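Engineer: Read in order, the letters of the sequence shown correspond to residues 28 to 416 in the numbering used here.
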Amino acid sequence: MTSRGPILPGRTVGILGGGQLGRMFAIAARRMGYRVHALDPSQDGPAGQVADVEVVAPYEDVDAARRFAEGVDVVTFEFENVPSETLAAVAELRPVHPSPAVLDTCRHRLREKRFLAKGGFPVAGFAEIRTEDDLRDALVRLGTPAILKTAEFGYDGKGQVRIDAPEAAGRAFEALSGKLGVLEAFVPFACELSVVVARSREGDIVPFEVAENRHARHILDVSLAPAGVPAAARARATEVASDIAKAIDLVGVLGVEMFYLPNGDIVVNELAPRPHNSGHYTFDACVTSQFEQQLRAVCGLPLGEPTLLRPAAMANLLGDLWAHGEPQWDRAAAFPDVKIHLYGKTEARPGRKMGHLVAMAETAEKAAERVLAARSALVSGRSGADPGP
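1. Pull up the DSSP beta-bridge partners for Gly197, would you.
2. Kindly identify the DSSP beta-bridge partner or partners of Tyr287.
3. Less than 6 Å between C-beta atoms, sequence neighbours within five positions excluded: which residues of the same chain meet that for Ala154?
4. If you draw a straight line from the C-alpha of Tyr287 to the C-alpha of Leu344, how long is it?
5. Where do the N-terminal and C-terminal ends of the alpha helix (DSSP H) with Pro127 fall, by residue?
6. What does DSSP give as the partner residues of Gly208 in its beta bridges?
7. Taking Ser204 as the reference, which of Glu229, Glu239, Ser227 and Ile156 has the closest Cα?
8. For the stretch 366-384 against the stretch 42-56, do three or more pairs of beta-carbon atoms, one drawn from each stretch, fall closer than 8 Å, so that the two count as touching?
9. Using the DSSP secondary-structure output, state which residues sit across from Thr39 in a beta bridge.
10. Would DSSP call Glu239 helix, strand or coil?
11. By Cβ distance below 8 Å, which residues in the same chain neighbour Asp364 in space, the five residues on each side in sequence not counted?
12. Name the one or two DSSP bridge partners that Leu384 has.
13. Is Ala375 closer than 8 Å to Ile367 when the C-beta atoms are compared?
14. Return helix, strand or coil for Ile271, following the three-state DSSP convention.
15. If we count the other Cβ atoms within 10 Å of its Cβ and call it buried at 16 or more, is Arg261 buried or exposed?
16. Per the contact definition of three or more C-beta pairs closer than 8 Å, is the stretch 56-76 in contact with the stretch 132-150?
17. So, using beta-carbon positions, are Pro338 and Ala252 closer together than 8 Å?
18. Could you name the residues of the same chain whose beta carbon sits closer than 6 Å to that of Arg198, not counting the 5 residues immediately before and after it, in chain order?
19. Are the CB atoms of Ala115 and Pro125 nearer to each other than 8 Å?
20. Three-state secondary structure (DSSP) at Ser227?
21. Do Met285 and Leu335 count as a contact pair if the criterion is CB distance below 8 Å?
22. Which same chain residues, not among the five before or five after Arg263, have their C-beta less than 7 Å away from its C-beta?
23. For Arg189, count neighbouring C-beta atoms within 10 Å of its own C-beta (all shown protein chains included) and say buried if the count is 16 or more, exposed if not.
24. Report the CB separation of Ala324 from Gly279 in whole angstroms; it is logged as a contact under 8 Å.
25. For Val102, tell me which candidate among Leu322, Ser316 and Lys372 has the shortest Cα-Cα distance.
26. Are the CB atoms of Leu130 and Pro300 within a distance shorter than 8 Å?
27. At the level of alpha carbons, what is the spacing between Leu369 and Val167?
28. Can you tell me whether DSSP reads Arg358 as helix, strand or coil?
29. Leaving out the 5 sequence neighbours to the left and right, which residues in its chain are closer than 7 Å to Val99 when beta-carbon positions are compared?
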């Protein structure tokens, strides 16, 4: 179903997925006077805690999804792995943004890579892997090291393995467990960049500042904005992300992960058709956050101003911080320039994203020093405590 006219404050937005992205979207929506319904398999989830209505049902429950859709005016999502059948049933009843077609492309690594390659966007060499022979042949063409990934259901380093020598092909193929795979040529990058870009129903495109991302154990640790790369590289990254949003016919927001190479080139890594972890700094540091921008786009409103007020940095808070008890929040709060965001998750597990910190400063590096110091203070003085992921 297509949208007709803007969906104005006072009406109801539905979000598929009840995690932290849905929570921050719901906060932005309620601030602008919208009602919010969230559907998620778990009760009392991060989004459900701040939504007007929390619908608890498996994503595979098509009937529940239809009832959910009937109670809202437009539907968006914060979670890529909603089954196609469920999304199709919802789309018959209410407008869904980004479209099911966008989601279908971005949540499947092979379709995503083919879309990027067909569109002429810079992407590393890749190959479809169905058999061990496919893998061995692809390793000859692409060389080693290379990264073997499952085509679906992979994030934060899950579903992927690095292959450093052809002899490791058999063991790597076994790790796919019969799933469709994608082999990607290794990219010797200098750093990872990301751009969150919004696109309206009318085709207006508004990109946020380019962020530089630093990882630990394949999970995003710290993001800095603006990225510490030359202005020409930031301009190129912004241009590529904007062109992708147009080519995929996005309505909503899109996170575009990229590699910045030592020679200055940009290579696109992955797409996320929703707010992105590296864009969390926008909640505090931009005139309009990525979450409000998502709301504006899916409701047919003009997009907001993305200007970065001051250089900023964000540090993730993972469940590891809870290993020796509740973090000492008063110690982080003692940093008056650091914003604490907690997602309301009741169970802390290693590697699970429980919250994040944001600071602004004269430079992004100085802002990063502040959030890292505040994070260290959460567990300072505890025996065996590890302040980082």
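Glycine residues also receive a C-beta, built at the ideal position from the N, C-alpha and C atoms. Note that this is a predicted model, so its numbers are computed, not measured.
Structural biologist: Well, looking at it:
1. Reading the sequence shown from its first residue, position 170 is the one you call residue 197. Under DSSP, no beta-bridge partner is assigned to Gly197.
2. Within the sequence shown, residue 287 is the residue found at index 260, counting from 1. Its beta-bridge partners are Cys218 and Ile293.
3. Position 127 of the sequence shown, counted from the first residue, corresponds to residue 154. Hits under 6 Å: Ala165 and Leu210.
4. As a working mapping, residue 287 is identified with position 260 in the sequence shown. As a working mapping, residue 344 is identified with position 317 in the sequence shown. Rounded to the nearest whole angstrom, the C-alpha separation of Tyr287 and Leu344 is 26 Å.
5. For the purposes of this step, residue 127 is taken as residue 100 along the sequence shown, with counting starting at 1. If you look at Pro127, you'll find it in the alpha helix (DSSP H) that goes Pro127 to Cys133.
6. Here the question's residue 208 lines up with position 181 in the sequence shown. Its beta-bridge partners are Ile156 and Thr177.
7. Looking up residue 204 in the sequence shown gives position 177. In terms of CA proximity to Ser204, Ile156 leads the group Glu229, Glu239, Ser227 and Ile156.
8. At 8 Å Cβ cutoff, the stretches touch.
9. On the sequence shown, residue 39 is found 12 positions in, with the first residue counted as 1. Its beta-bridge partners are Arg62.
10. Taking the sequence shown and counting its residues from 1, the one referred to as residue 239 is at position 212. Strand at Glu239.
11. Sequence index remark: in the sequence shown, residue 364 carries index 337 (1-based). The answer, listed in chain order, is Ala386, Met387, Ala388 and Arg397.
12. Here residue 384 refers to the residue found at position 357 of the sequence shown. In the DSSP assignment, Leu384 is bridged to Ala342 and Ile367.
13. Taking the first residue of the sequence shown as position 1, residue 367 is located at position 340. Taking the first residue of the sequence shown as position 1, residue 375 is located at position 348. No, these two residues do not count as a Cβ contact at 8 Å.
14. Along the sequence shown, one-based indexing puts residue 271 at 244. The three-state secondary structure of Ile271, taken from DSSP, is helix.
15. Here residue 261 corresponds to residue number 234 of the sequence shown, with the count starting at 1. It counts as buried.
16. Short answer: they don't touch.
17. In the sequence shown, the residue the question calls residue 338 occupies position 311. In the sequence shown, the residue the question calls residue 252 occupies position 225. Against a cut-off of 8 Å, the Cβ pair of Ala252 and Pro338 comes out as a contact.
18. Translated into positions along the sequence shown, residue 198 becomes position 171. None.
19. Your numbering for residue 115 matches position 88 in the sequence shown. Your numbering for residue 125 matches position 98 in the sequence shown. Going by C-beta atoms, Ala115 is not nearer than 8 Å to Pro125.
20. Taking the first residue of the sequence shown as 1, we reach residue 227 at position 200. In this structure, Ser227 counts as coil in the three-state DSSP scheme.
21. Working through the sequence shown from its first residue, we reach residue 335 at position 308. Working through the sequence shown from its first residue, we reach residue 285 at position 258. Not a contact, by the Cβ cut-off of 8 Å.
22. By 1-based counting over the sequence shown, the position of residue 263 is 236. If we look at Arg263 and ignore the five residues flanking it on each side, its Cβ neighbours are Ile293.
23. For the purposes of this step, residue 189 is taken as residue 162 along the sequence shown, with counting starting at 1. By the C-beta density criterion, Arg189 is exposed, having fewer than 16 other C-beta atoms within 10 angstroms.
24. Taking the first residue of the sequence shown as position 1, residue 324 is located at position 297. Taking the first residue of the sequence shown as position 1, residue 279 is located at position 252. Correct: roughly 5 Å between the Cβ atoms.
25. Within the sequence shown, numbered from 1, the residue matching residue 102 stands at position 75. Proximity to Val102 across Leu322, Ser316 and Lys372 peaks at Leu322, based on C-alpha coordinates.
26. In the sequence shown, counting from the first residue as 1, residue 300 sits at position 273. In the sequence shown, counting from the first residue as 1, residue 130 sits at position 103. Going by C-beta atoms, Pro300 is nearer than 8 Å to Leu130.
27. In the sequence shown, residue 369 corresponds to position 342, counting from 1. In the sequence shown, residue 167 corresponds to position 140, counting from 1. Between the alpha carbons of Leu369 and Val167 lies a gap of roughly 46 Å.
28. The residue labelled residue 358 in the question sits at position 331 within the sequence shown. Arg358: helix per DSSP, three-state reduction.
29. Sequence index remark: in the sequence shown, residue 99 carries index 72 (1-based). Around Val99: Thr39, Val40, Gly41, His64 and Arg121.
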